[in-house]
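Peer 1: Position in the sequence shown (first residue = 1) + 41 = the working numbering.
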Amino acid sequence: MPSPLTLTVPFLSFAAPALPESPGLSNLKKDSALPLAGITLLAVEDSRFASEALRLLCQRSGARLRRVETLAAARRHLAVYRPDVVLIDLGLPDGNGVDLIRELVKNNKGQSVVLAISGDPDGWSSAVRAGAAGFIEKPLESLAKFQQVILGHLTGQPVGGCTLREVRNIHPDQQALQDDFIHAADLIESGGEEGDRYVVDFVRGLARSCHDATLETAAVQARCSSEGLAGLGQVLAQRINGAADPFAKAIEKG
């Protein structure tokens, strides 16, 4: 068995031991254009924009992706299926992804690689203490980095350089981003202290994913007061109202 390998992801170095052979591993690296062919991933992710990014990353790598939005849905899925990799967002509508990480590490006995993903770089500490094999910071843009992290954990071997085609960044559909904006605005309008804490973290991670510094600042300020939360709602409304209508563009082209 290969000796443990130290991998580096944003803000963290950690030991990644080789895993027992799984059905998906037999197809790894057979096709350099699709290095994750045969690998199955489960994304526990509530953001449609982040999920769209993951869909593109998996599609261009050959991996099969399933997605759920909540801890409850993830537990139901994992009671039936055992993916090669589980990517768990830390901020979810029904709780903290750290709880699911802890459960999986305790119960799956290394059958799946468990990775945390978050727009908050400070989340790596709690994720790794809970047993996550690693931490991936949003935004999820680089195809090369995504492939390197996944392959490194699955094989326990260093991953070499990438081709020019592989180093290109992916660009998720902006309509998915608008869907997230609308969802967040609806949550703010509906109110509720627990919901407010969740939506602020949701929007902050979303702002990091789309490189929107103004939106991120508004999310930070929303933690402090009801006025700040109202201000966040206004910034979201500006993003929603200022977006181009994709259906109108389609009509113009037609």
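Glycine residues also receive a C-beta, built at the ideal position from the N, C-alpha and C atoms. Values in this document were obtained by computation on a predicted structure and should not be read as measured data.
1. Using beta-carbon positions only, say whether residue 113 and residue 135 come within less than 8 Å of one another.
2. According to DSSP, simplified to helix, strand and coil, what is residue 249?
3. Span of the beta strand (DSSP E) holding residue 129?
4. Who are the near neighbours of residue 260 in its chain, counting only those whose CB is closer than 7 Å to its CB and skipping five residues on each side?
5. Can you tell me whether residue 84 is helix, strand or coil according to DSSP?
6. Between the Cα of residue 183 and the Cα atoms of 94, 275, 146, which residue gives the shortest distance?
7. Could you give the DSSP three-state label for residue 177: helix, strand or coil?
8. Could you tell me the distance, in whole angstroms, from the CA atom of residue 221 to the CA atom of residue 170?
9. List the residues that DSSP assigns as beta-bridge partners of residue 109.
10. Whole angstroms is fine: what's the gap from residue 186's alpha carbon to residue 268's?
11. Of all the options 129, 77, 125, 80, which has the alpha carbon lying nearest to the alpha carbon of residue 86?
12. Alpha carbon to alpha carbon, how far is residue 89 from residue 162? Give it in angstroms, no decimals.
13. By a C-beta neighbour count over all protein chains shown, 10 Å radius and 16 as the cutoff for buried, is residue 188 buried or exposed?
14. Can you tell me which of the three DSSP states residue 136 falls into?
15. If you count every other CB in all the chains shown that lies within 10 Å of the CB of residue 117, and 16 or more means buried, which is it?
16. Exposed or buried, which one is residue 281 when buried takes at least 16 other CB atoms within 10 Å?
17. Short check: CB of residue 263 to CB of residue 226, under 8 Å?
18. State yes or no: is the beta carbon of residue 173 nearer than 8 Å to at least one beta carbon in chain C?
19. Would you give the residue range spanned by the alpha helix (DSSP H) that residue 104 belongs to?
20. Please name the residue, chosen from 215, 223, 155, 133, that lies closest to residue 173 on a Cα-to-Cα basis.
21. What three-state label does DSSP hand residue 159 in the structure shown?
22. I think residue 77 touches residue 181, with their Cβ atoms under 8 Å apart; what is that distance to the nearest whole Å?
23. Quick one: Cα of residue 148 to Cα of residue 271, how far?
24. Mind checking which residues open and close the alpha helix (DSSP H) that includes residue 153?
Peer 2: Short version:
1. Cβ atoms of residue 113 and residue 135: closer than 8 Å.
2. In the structure shown, residue 249 sits in a helix (DSSP, three-state: H, G or I).
3. Taken as a continuous stretch (DSSP letters only), the beta strand (DSSP E) holding residue 129 covers 126-130.
4. The beta carbon of residue 260 is closer than 7 Å to those of 241, 244, 245, 248, 273 in its chain, skipping five residues each way along the sequence.
5. Strand.
6. The residue with the shortest Cα to Cα distance from residue 183 is 94.
7. Per DSSP, reduced to three states, the secondary structure at residue 177 is strand.
8. Distance between the alpha carbons of residue 221 and residue 170: 30 Å.
9. Residue pairing by DSSP places residue 109 opposite 85 in a beta bridge.
10. Each residue's Cα considered, the two are about 39 Å apart.
11. Here the closest residue by C-alpha is 129.
12. Near 20 Å, if we compare the C-alpha coordinates of residue 89 and residue 162.
13. So residue 188 counts as buried.
14. Residue state, collapsed to three classes: strand.
15. Residue environment: residue 117 is assigned as exposed (fewer than 16 neighbouring CB atoms within 10 Å of its CB, all protein chains considered).
16. It counts as exposed.
17. No, Cβ-Cβ distance for residue 263 and residue 226 is not below 8 Å.
18. Reference to chain C is not applicable here, since this structure consists of a single protein chain.
19. First-last for residue 104: undefined, no H or E at that position.
20. Among 215, 223, 155, 133, the Cα nearest to that of residue 173 belongs to 155.
21. If DSSP states are grouped into helix, strand and coil, residue 159 belongs with the strands.
22. Not quite, the Cβ-Cβ distance comes to about 14 Å (not below 8 Å), so this is no contact.
23. Cα to Cα, residue 148 sits roughly 42 Å from residue 271.
24. Residue 153 -> no alpha helix (DSSP H), and no H or E assigned at all.
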